[in-house]
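Trainee:
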Amino acid sequence: MPERTLTTKIEIAAPVAAFLQFEKLPEYHPNGFFKSIRTATPNAPIEPGTKMQVVIEVGNLEPIILENSPSTFSWGGRGLLGTFNGNHSFHFTESETTKGGTTFIQEEQFSGLLAVTMGEGAIVKMIGLKEKTKKGFEGFNRDLKAWVEGGK
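This is the structure we're talking about:
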């Protein structure tokens, strides 16, 4: 089965820290790609194996947390009959270009029969899912950067 990876990156002028406060998502990303990111059960631990509810522009997902560490927060899920699966991650590393800053990388590894829609080619470009998803990731990155750098 094909596997595709979509990666976006932004420099944030703030130290490496776990500054993803998902409960504040409506404040810093009000009209964005991600509508809600939370655990499926209120107050559940944010640790590997915990089920989540993630609402994005195109639908609702129920992935499982794969990692929650100072450098990575990730989740993964499977689509209907494994046709479109994804492992999503947020990576935080000390910036090599912004003194005292963070390089924030957002990435999704797509697999399954429909992962081809995240590849290259004329038909894929006509479908537009890869470009729409990339723009959604970049919009989130910009909103997160503005919020963190604004001292919220």
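In our numbering, the protein residues as written are 25 to 176. Ideal placement from N, C-alpha and C gives every residue a C-beta, glycine not left out.
Less than 9 angstroms separating the beta-carbons of Q130 and F108?
Mentor: Indexing the sequence shown from 1 puts residue 130 at position 106. Indexing the sequence shown from 1 puts residue 108 at position 84. For Q130 and F108, no; Cβs fall outside 9 angstroms.
Trainee: Considering only C-alpha positions, which residue in the set R102, E81, F114 and G83 is nearest to S135?
Mentor: The residue labelled residue 135 in the question sits at position 111 within the sequence shown. The candidate whose alpha carbon is nearest that of S135 is R102.
Trainee: Quick check: G163 and F57, are their CB atoms within less than 9 angstroms of each other?
Mentor: Here the question's residue 163 lines up with position 139 in the sequence shown. Here the question's residue 57 lines up with position 33 in the sequence shown. Taking 9 angstroms as the Cβ cut-off, G163 and F57 qualify as a contacting pair.
Trainee: Secondary structure at N67, three-state DSSP: helix, strand or coil?
Mentor: Along the sequence shown, one-based indexing puts residue 67 at 43. Of the three classes helix, strand and coil, the one that applies to N67 here is coil, per DSSP.
Trainee: Considering V82, what are the terminal residues of the alpha helix (DSSP H) in which it resides?
Mentor: The residue labelled residue 82 in the question sits at position 58 within the sequence shown. Unbroken run through V82: none, as it is neither H nor E.
Trainee: Looking at the structure shown, is G56 part of a helix, part of a strand, or coil, going by DSSP?
Mentor: The sequence position of residue 56 within the sequence shown is 32, counting from 1. Residue state, collapsed to three classes: coil.
Trainee: Quick one: residues in its chain with C-beta nearer than 7 angstroms to the C-beta of L90, no 5 flanking neighbours on either side, listed in chain order?
Mentor: As a first step, residue 90 is located in the sequence shown; it is residue number 66 there, counting from the start. Same-chain partners within the cutoff: P72, S98, W99, G100 and N111.
Trainee: What is the rounded straight-line gap between the Cα of L168 and the Cα of P69?
Mentor: Position 144 of the sequence shown holds residue 168. Position 45 of the sequence shown holds residue 69. Distance between the alpha carbons of L168 and P69 is about 23 angstroms.
Trainee: Check each candidate in A64, W171 and K158 and name the one with the smallest Cα separation from E81.
Mentor: If you number the sequence shown from 1, residue 81 lands on position 57. E81 has its Cα closest to that of K158, out of A64, W171 and K158.
Trainee: For L49, which residues of its own chain have a beta-carbon under 7 angstroms away from its beta-carbon, when the five flanking residues on both sides are left out?
Mentor: Stepping through the sequence shown from its first residue, residue 49 is reached at position 25. Taken in chain order, the residues that qualify are F58, S60 and I61.
Trainee: Go ahead and pull the three-state DSSP assignment for M25.
Mentor: In the sequence shown, counting from the first residue as 1, residue 25 sits at position 1. Reliability of the predicted coordinates at M25 is poor, the pLDDT of 49 falling under 50, and the value obtained from them is presented with this limitation in mind. Coil.
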